[in-house]
Amino acid sequence: MKITGAEIFVKSLLEEDVDKIFGYPGGAVIPIYDVLYDEQNIEHILTRHEQGAVHAADGYARSTGKPGVCIATSGPGATNLVTGLATAYMDSIPIVAITGQVPTNMLGTDAFQEADTTGITLPITKHNYLVQDVEDLARIIKEAFHIATTGRPGPVLIDLPKDIQIEEAEFDYPDKVDLPGYKPHYSGHYKQIELATQKIEEAEKPVIYAGGGVIASGAAEELRELAYKAQIPVTTSLMGLGSFPESDELSLGMPGMHGTEYANYALSEADLLIAIGTRFDDRVTGKLDTFVPEAEIVHIDIDPAEVSKRVVVDVPIVGDVKQVLSKLNPMVEDMVDQKRHDDWMDKIRTWKQESVLNQDFPEGILTPGEVISQICELTNGEALITTEVGQNQMWAAQYYQYSKPRSFMSSGGLGTMGYGFPAALGVQAGNLEETVFCIAGDGSFQMNLQELATAVSCELPVNIAILNNHYLGMVRQWQGLFYEKRYSATCLRKRKSCPDDCCEPGEDCPEMTPDFVKLAESFGALGIRVTKPEEIKPALEKAIASPKPVVLDFIIVEEENVFPMVPAGGAIDNMILGEDN
Amino acid sequence: MRHTVSILVANRSGVLVRVASLFSRRGYNIESLSVGTTDDPDVSRITVVVEGDEGIVEQVTKQLNKLVDIYKVSNISDDPSIDRNLALIKVKASLNNRSEIMQIVDVFRGKVVDVASESLVIEITGDEEKISAIEELLRPFGILEMVRTGKIAMVRGDK
Chain C
1 MKITGAEIFV
11 KSLLEEDVDK
21 IFGYPGGAVI
31 PIYDVLYDEQ
41 NIEHILTRHE
51 QGAVHAADGY
61 ARSTGKPGVC
71 IATSGPGATN
81 LVTGLATAYM
91 DSIPIVAITG
101 QVPTNMLGTD
111 AFQEADTTGI
121 TLPITKHNYL
131 VQDVEDLARI
141 IKEAFHIATT
151 GRPGPVLIDL
161 PKDIQIEEAE
171 FDYPDKVDLP
181 GYKPHYSGHY
191 KQIELATQKI
201 EEAEKPVIYA
211 GGGVIASGAA
221 EELRELAYKA
231 QIPVTTSLMG
241 LGSFPESDEL
251 SLGMPGMHGT
261 EYANYALSEA
271 DLLIAIGTRF
281 DDRVTGKLDT
291 FVPEAEIVHI
301 DIDPAEVSKR
311 VVVDVPIVGD
321 VKQVLSKLNP
331 MVEDMVDQKR
341 HDDWMDKIRT
351 WKQESVLNQD
361 FPEGILTPGE
371 VISQICELTN
381 GEALITTEVG
391 QNQMWAAQYY
401 QYSKPRSFMS
411 SGGLGTMGYG
421 FPAALGVQAG
431 NLEETVFCIA
441 GDGSFQMNLQ
451 ELATAVSCEL
461 PVNIAILNNH
471 YLGMVRQWQG
481 LFYEKRYSAT
491 CLRKRKSCPD
501 DCCEPGEDCP
511 EMTPDFVKLA
521 ESFGALGIRV
531 TKPEEIKPAL
541 EKAIASPKPV
551 VLDFIIVEEE
561 NVFPMVPAGG
571 AIDNMILGED
581 N
Chain W
1001 MRHTVSILVA
1011 NRSGVLVRVA
1021 SLFSRRGYNI
1031 ESLSVGTTDD
1041 PDVSRITVVV
1051 EGDEGIVEQV
1061 TKQLNKLVDI
1071 YKVSNISDDP
1081 SIDRNLALIK
1091 VKASLNNRSE
1101 IMQIVDVFRG
1111 KVVDVASESL
1121 VIEITGDEEK
1131 ISAIEELLRP
1141 FGILEMVRTG
1151 KIAMVRGDK
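Listed in order, the protein sequences are those of chains C and W.
Under the numbering used here, the first residue of the first sequence carries the number 1, and numbering increases by one thereafter.
Under the numbering used here, the first residue of the second sequence carries the number 1001, and numbering increases by one thereafter.
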């Protein structure tokens, strides 16, 4: 029996076990929404902006490991997905995005709500399709899910003209794909793995640098096994947070620009770097010439194009992290009872004790570190955390102790402000029983705050912790440190009538706008303002217990900066540790 | 250094732009490009000539390899290979110097494919040097128009 393209689309989603999709209707996707109206097995979550839909699909994917699915209409609907697709592409997150398109006979005629969606999204998707024949639709959807979720994952977009949604074809969902140009390497070369084993045995001061690939591959257990067995300390990139428990003695936290001193010192002294599922981002390496100056490098990654892209490596192993580690681990000598790395670990222990991150919080003032530490304590480090981008993101990375994979969702590569809150909705939708926190700044929350309506209407009880310093804090931090406190366009309280040369907050500053508590209430969410350290805990307890979405407005010290900090382009062992440094 | 990259791709719309965009993203100008089908009608070959740093071109070829519509990428700059360009050159020719021009064309094993009262059109195939050489020799007569294809190339031997 023949069915319409729109029906084929929905049936294909069911074949792929999709039970939640995030989207926003429009003229060019009405046939799909008409089919969804009767479909009981797929929950459609209506966001208030297409960007919210794609970030929510991304958060869903990161937290569950399943592909996130989003829908938008043609033209502006599709262009509103762009930021979210680029975000997912940079961080290798599996998303299948479906956009409506004008009918095939109108393509290229500047029709109403027409945009060249495949052209626009070409460099920010792993692959994309323009469907030109309803007979191809099922195959294309099968391929899209396959490409998005295998190899190095990433977003795939299907542009579906409206006439194809209406035309009919037999539905025959293929069991497998035939893609001669797409063959990811999974196994890793045996000789290279053997060579890596040898390097590990010879090393005196080894460090593991683990990234998002460990999480994508589901290899946290294998990573832990390698670290324990060979007694190697582990630093995790922003994308790798959660792949190794931070409470462990072998954990070095995050490296790089706002990484821990001990991770950066350890990298700078290491004689062997084992980079796993990571891409040597410039925020990690700092100045390339001085990155791991003493170390030989083993690099395990599924993407051959990452090998020696920024840092020339000695032992590249192209393969799936889990598969490679499963082969490597049994070959590695058990060093648990040997005291081979004792001196190295002692040195690291000393660095840890001296860290600025391990100092007590000052009394009587509300600091972002204390807020996040208390969220961590109250949730036993087991909440699912999303972040916005900027200072809030770095504090969330520094002060929450991540204990498991898929518990930290943040826009790492693209650095997308406005990501964290809609992503939290996707995280909550995929994990209804879990406590979800979005750590936000007052700036970035405002980029997608319309999604409060989605949170309330879809009954997604996320907690948004705004670290409100009335500034675009990260840029203000750079202006403070490198631009003589010329706070150009970073004060969010600034009125037209304020003095031009204002360079710090004072008694006479105008009120913050908006009032986040009233804003939350206007959406039907709960708003709580916190101004003193002793109010943190009761506020958090109230928020966690609330069945409603909660906006926590933490009025933190205004000019708090993120430390340690490696100035852009500097060597990572040369850090600014505080205001006086 | 100048690189010749030979790419086997799926013969479908949008593939060329995927290939070109990986070069343009690096700020590289494609010097010459040719696209045509192979013995398999579903497969096309793209030959790209690009000037650039060795490491970056290697990086680009790795990224090309990742594209779903691309089957095989080889940088054949260092392989022994045959490469050919085709050029059509319209040159000013009067009764007085027509035979002189035709002699030059003969030496280069070219062909005169059109004769008019004031001009000739010459067809010439060969590698880049050969085409540049005849172009220089014909220039004094007055080149009215010239069109050159991109380079096509094939590795020698059984490979």
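In this text, a Cβ means the ideal position worked out from N, Cα and C, and glycines have one as well.
Separation of residue j from residue i, as counted between CA atoms
i: Trp351(C); j: Glu261(C); result: 7 Å
i: Arg1025(W); j: Ala196(C); result: 34 Å
i: Arg224(C); j: Phe244(C); result: 7 Å
i: Leu226(C); j: His146(C); result: 30 Å
i: Thr367(C); j: Ile556(C); result: 5 Å
i: Tyr487(C); j: Ile365(C); result: 23 Å
i: Gly211(C); j: Gly253(C); result: 12 Å
i: Val616(C); j: Val69(C); result: Because chain C spans 1 through 581 in this model, residue 616(C) falls outside it and cannot be assessed.
i: Ile93(C); j: Met1146(W); result: 50 Å
i: Val1019(W); j: Ala86(C); result: 19 Å
i: Ala1040(W); j: Lys1151(W); result: Per the sequence shown, the amino acid found at residue 1040(W) is Asp instead of Ala. Rounded to the nearest angstrom, the two C-alpha atoms are 20 Å apart.
i: Val29(C); j: Gly52(C); result: 18 Å
i: Leu378(C); j: Leu467(C); result: 17 Å
i: Thr47(C); j: Thr454(C); result: 5 Å
i: Thr285(C); j: Ser1132(W); result: 47 Å
i: Thr125(C); j: Asp1106(W); result: 53 Å
i: Gly218(C); j: Met409(C); result: 15 Å
i: Thr1004(W); j: Leu1022(W); result: 15 Å
i: Tyr402(C); j: Gly381(C); result: 6 Å
i: Leu267(C); j: Phe554(C); result: 35 Å
i: Glu1123(W); j: Val1035(W); result: 20 Å
Cut-off 6 Å between Cβ atoms - residues of its own chain near residue i, not counting five sequence neighbours on either side
i: Asn463(C); result: Phe437, Ala543 and Val550
i: Leu472(C); result: Gly443 and Thr490
i: Leu137(C); result: Gly5, Ile8 and Val131
i: Arg139(C); result: Pro174
i: Asp159(C); result: Thr99, Gln101, Thr117, Thr118 and Leu130
i: Val10(C); result: Val35 and Glu39
i: Cys509(C); result: Arg493
Cβ-based neighbour list, residue i, same chain, cut-off 8 Å, excluding 5 preceding and 5 following
i: Val1043(W); result: Leu1008, Val1009, Ala1010, Asn1011, Thr1037 and Tyr1071
i: Lys537(C); result: Gln374 and Leu378
Under 9 Å from the C-beta of residue i: neighbouring residues of chain C
i: Val1017(W); result: Gly119 and Leu122
i: Arg1025(W); result: Pro123
Contact list for residue i against chain C, beta-carbon separation under 7 Å
i: Gly1014(W); result: Thr118
i: Ser1021(W); result: Leu122 and Pro123
i: Ala1087(W); result: Ordered by position in chain C, no residue passes the 7 Å Cβ test against Ala1087(W), which lies about 32 Å from the chain.
i: Ala1010(W); result: Gly181
Cutoff 7 Å; reference residue i; Cβ partners in own chain excluding five residues on either side
i: Leu238(C); result: Met254, Ala397, Ser410 and Gly412
> Going along the chain, which residues of the segment 1056 to 1071 of chain W sit with their C-beta nearer than 8 Å to a C-beta in chain C?
Replying inline: Cβ contacts with chain C come from Gln1059, Lys1062, Gln1063, Asn1065, Lys1066, Leu1067, Val1068, Asp1069, Ile1070 and Tyr1071.
> In the segment 284 to 309 of chain C, which residues sit with their C-beta less than 9 Å from some C-beta in chain W, listed in chain order?
Replying inline: Cβ contacts with chain W: Asp303, Pro304, Ala305, Glu306, Val307, Ser308 and Lys309.
> Enumerated in chain order, which unbroken segments of the alpha helix (DSSP H) with a length of 4 residues or greater are wholly contained in the segment 202 to 264 of chain C?
Replying inline: List check, alpha helix (DSSP H) in window: 212 to 217 and 220 to 230.
> Listed in chain order, which residues of the segment 170 to 200 of chain C have Cβ atoms closer than 7 Å to some Cβ of chain W?
Replying inline: Using a CB distance below 7 Å, the part of the segment 170 to 200 of chain C facing chain W consists of Leu179, Pro180, Gly181 and Tyr182, ordered along the chain.
> What residues from the segment 124 to 145 of chain C come within 7 Å of chain A, judged by C-beta to C-beta, listed N to C?
Replying inline: Among the chains of the structure shown, chain A does not appear; the protein chains present are C and W.
>> List, from N- to C-terminal side, the alpha helix (DSSP H) runs of 4 residues or more that fit wholly inside the segment 257 to 342 of chain C.
In response: Qualifying alpha helix (DSSP H) stretches, in chain order: 261 to 269, 282 to 285 and 321 to 331.
> Quick one, which residues of the segment 202 to 219 of chain C are near chain W if we go by CB-CB under 8 Å, in chain order?
Replying inline: For the segment 202 to 219 of chain C, no residue has a beta-carbon sitting nearer than 8 Å to a beta-carbon of chain W.
>> Which residues of the segment 412 to 442 of chain C have a Cβ closer than 9 Å to any Cβ of chain W? Give them in chain order.
In response: Here the close residues number zero.
> Using Cβ-Cβ distances below 7 Å, what residues of the segment 147 to 169 of chain C are close to chain W?
Replying inline: The residues in question are Ile147.
> What are the complete beta strand (DSSP E) segments, minimum 3 residues, inside the segment 500 to 545 of chain C?
Replying inline: Every beta strand (DSSP E) of 3 residues or more that sits fully in the segment 500 to 545 of chain C is shown, in chain order, as 526 to 530.
> Curious, which full-length beta strand (DSSP E) runs of at least 3 residues does the segment 167 to 194 of chain C contain?
Replying inline: The segment 167 to 194 of chain C contains these whole beta strand (DSSP E) runs: 168 to 170.
> Quick one: complete beta strand (DSSP E) runs, 3+ long, within the segment 1002 to 1090 of chain W?
Replying inline: Along the segment 1002 to 1090 of chain W, the beta strand (DSSP E) occurs as fully enclosed runs of 3 or more residues at 1002 to 1010, 1030 to 1037, 1043 to 1051 and 1070 to 1075, listed in sequence order.
> Mind pulling the beta strand (DSSP E) runs of 3 or more residues that sit fully within the segment 458 to 489 of chain C?
Replying inline: Within the segment 458 to 489 of chain C, the runs of beta strand (DSSP E) at least 3 residues long that lie entirely inside it are, in chain order, 463 to 468.
> Fully enclosed by the segment 373 to 439 of chain C, which beta strand (DSSP E) runs are 3 residues long or longer?
Replying inline: DSSP runs (the beta strand (DSSP E)) wholly in the segment 373 to 439 of chain C: 384 to 387.
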